[in-house]
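Worksheet: the structure to be examined is printed underneath.
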Amino acid sequence: MGGIPAIVDGVRRGAGPALLALLLGLGLAAPAAAGPYENGEAAFTRGSYAAALRWWRQAAAESDPAAEVGLGTLYALGLGVPHDDAEAARWFRQAAERGLALAQVRLADLYRDGQGVPKSPADAIVWLRKAATQGSAVAQVSLADMYRDGIGVVQNYAEALSWYRQAAEQDDAWGEVNLAVLYYNGRGVAQNYVEAARWSRKAADLGFADAQFHIGFMDATGRGVPQDYEAAAAWYRKAADQAFADAQFNLGVLYYNGQGVRQDDVSAHQWFQLAAQCYPASASARRDNAVKSRDIVAARMTPAQLARSRLLARQWRATHADLAPQ
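Residue numbers (our numbering): 49 to 374.
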């Protein structure tokens, strides 16, 4: 029949933040009194996008860069206006040229992806650097990503490490977890599991699933910290409950082996099943591994145990339906 495979590697490559998620009100000074921009922001928050458009056009006519970012956001998302990346880029550029870091980040994002402007990683680097030197943690992480991956620049792990560290020192979770990965792999710096664990734990304490998984793996393997299966299980569960498939799989392994938790085939089967469902199509090998592991456990379970496991998996999916698999 074969045994359950070992826990999957805790080192994830990491990814840049979603730059389009929240573009308003980040790092902007609070106004003394409401004006056209503030009225537009209030309308945007209410979902009154046509009103936001009117107010922000009025403020943009007075060269307000925050309003220009607001207009760019509406066009980028197609809120209150038809979706138009070129028009979004025009507004972001105006604000970026006035020195607004938020606009510089978004314009860089468009250049990197070729949305509304010709695809140009080199131009993305230019704008990210402008924002990063102003202290934007989002820009610092994105710039580090490009140095790490050699996009628009010669691959340079030391440079990536420097920018991740600047973001991490601002308590940015993406900066912390990517800094941990570089320490773990010894890229751009001497391999140091203790430092990897320290930065992973900081991000994990903020609720960041990547970091929770990473520190769980280090607890399970005793890298950088004393081996502690109970702690590993606790961290894996936190990430697993965020639909983090690797954490679900590793939690299944701990239940199968009785490491850090009471041995329990029902729970092992449940978490292998959930991992198989949460792995994306791009992770087909890991998904197949989860299916194989689930079936190995199922072969020694009673019909009642199988029914219980499937019920628990359905209940978990029902209560976590709003989560996107990771």
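For glycine and all other residues, C-beta sits at the position ideal for the given N, C-alpha and C.
Report the rounded CA-to-CA distance for residue i versus residue j, giving the unit in angstroms.
i: Glu116; j: Trp319; result: 47 Å
i: Leu150; j: Asp157; result: 11 Å
i: Ala281; j: Leu302; result: 7 Å
i: Arg358; j: Ala279; result: 26 Å
i: Ala69; j: Ala245; result: In this predicted model, Ala69 has a pLDDT of only 33, less than 50, meaning its place in the structure is not dependable; the value taken from the coordinates is given anyway. If you take the alpha carbons of Ala69 and Ala245, they lie about 29 Å apart.
i: Leu299; j: Arg285; result: 7 Å
i: Arg235; j: Val242; result: 15 Å
i: Pro328; j: Gly308; result: 28 Å
i: Ala291; j: Ala238; result: 32 Å
i: Gln363; j: Ala323; result: 15 Å
i: Ser332; j: Arg342; result: 15 Å
i: Arg138; j: Asp132; result: 10 Å
i: Ala109; j: Arg102; result: 11 Å
i: Pro274; j: Met266; result: 9 Å
i: Pro351; j: Asp336; result: 23 Å
i: Leu76; j: Gln218; result: Residue placement at Leu76 cannot be trusted, given a pLDDT of 35 that sits under 50; what the coordinates show is reported in the next sentence. One C-alpha to the other measures close to 17 Å.
i: Gly270; j: Asn233; result: 15 Å
i: Pro84; j: Asp197; result: 41 Å
i: Ser111; j: Leu127; result: 22 Å
i: Leu71; j: Gln188; result: Any reading at Leu71 is ruled out, since the residue's pLDDT is 37, under 50, leaving its predicted position unreliable.
i: Ala63; j: Thr93; result: Low confidence applies here, because Ala63 scores a pLDDT of 39, under 50, leaving its location unreliable and the question unanswered by this model.
Please report whether the beta-carbon of residue i lies at a distance below 8 Å from any beta-carbon of chain B.
i: Pro130; result: Of the protein chains in this structure there is only one, and it is not chain B.
For the candidate residues the options, whose alpha-carbon lies nearest to that of residue i?
i: Trp222; options: Ser248, Ala144, Glu86, Gln296; result: Ser248
i: Ala124; options: Asn233, Val186, Gly162, Ala109; result: Gly162
i: Gly164; options: Gly120, Ser184, Leu127; result: Gly120
i: Asp193; options: Arg160, Gly272, Gln218; result: Arg160
i: Pro130; options: Ala238, Glu86, Tyr97, Ala107; result: Tyr97
i: Trp175; options: Gln290, Arg141, Tyr205, Arg310; result: Arg141
i: Ala170; options: Gln188, Tyr195, Val189; result: Tyr195
i: Tyr231; options: Ala206, Ala366, Ala347; result: Ala206
i: Ala293; options: Pro274, Leu254, Trp283, Arg334; result: Arg334
i: Asp220; options: Pro84, Asp197, Ser190, Asp336; result: Ser190
i: Leu304; options: Asp289, Ala134, Thr93, Ala338; result: This sequence places Tyr at residue 304; Leu is not what is there. Of Asp289, Ala134, Thr93, Ala338, the residue nearest in Cα terms is Ala338.
i: Ala257; options: Gly198, Pro274, Trp283, Gln275; result: Trp283
Would a C-beta distance cut-off of 8 Å place residue i and residue j closer than the cut-off?
i: Ala82; j: Ala91; result: no
i: Ala295; j: Gln321; result: no
i: His368; j: Val345; result: no
i: Gln214; j: Lys178; result: no
i: Ile173; j: Val202; result: no
i: Gly272; j: Ala287; result: no
i: Trp211; j: Ala252; result: no
i: Ala107; j: Gly88; result: yes
i: Leu227; j: Leu209; result: yes
Who are the near neighbours of residue i in its chain, counting only those whose CB is closer than 6 Å to its CB and skipping five residues on each side?
i: Arg146; result: Pro113
i: Lys250; result: Glu224
i: Gln182; result: Ala149
i: Gln325; result: none
i: Arg105; result: none
i: Leu155; result: Phe140, Arg141, Ala144, Trp175
i: Ala136; result: Gly120, Tyr123, Ala124, Gly164
Once you ignore the five residues that flank residue i on each side, which residues in its own chain have a CB closer than 7 Å to its CB?
i: Ser184; result: Ala149, Val153
i: Gly5; result: Given that the chain is displayed from residue 49 to residue 374, the structure contains no residue 5 and the question cannot be resolved.
i: Ala216; result: Gly223, Glu224, Leu227, Trp247
i: Tyr277; result: Ala268, Leu302, Gln307, Gly308
i: Asp312; result: Tyr303
In chain order, what residues of the same chain lie with their CB nearer than 8 Å to the CB of residue i, ignoring the 5 residues before and after it?
i: Lys167; result: Tyr159, Arg160, Asp161
i: Val314; result: Met349, Gln353, Arg356, Ser357, Leu360
i: Leu371; result: Gln290, Ala291
i: Arg365; result: Leu322, Gln325
Next on the checklist: As an exercise, report each continuous alpha helix (DSSP H) stretch of at least 4 residues that is fully enclosed by the stretch 195-232, in chain order.
Outcome noted: Those alpha helix (DSSP H) runs which fall completely within the stretch 195-232 and span 4+ residues are 205-216.
### Query
Enumerated in chain order, which unbroken segments of the beta strand (DSSP E) with a length of 3 residues or greater are wholly contained in the stretch 324-357?
none
Query raised in the report: Which ranges does the alpha helix (DSSP H) cover as unbroken runs of at least 4 residues, wholly within the stretch 85-143, from first to last along the chain?
Result: 97-108, 113-125
*Runs of alpha helix (DSSP H) wholly within the stretch 167-193 (minimum 4 residues, chain order)*: 169-180
*At what residue ranges does the stretch 246-293 contain a whole run of the alpha helix (DSSP H), taking only runs of 4 or more?*
257-269, 277-288
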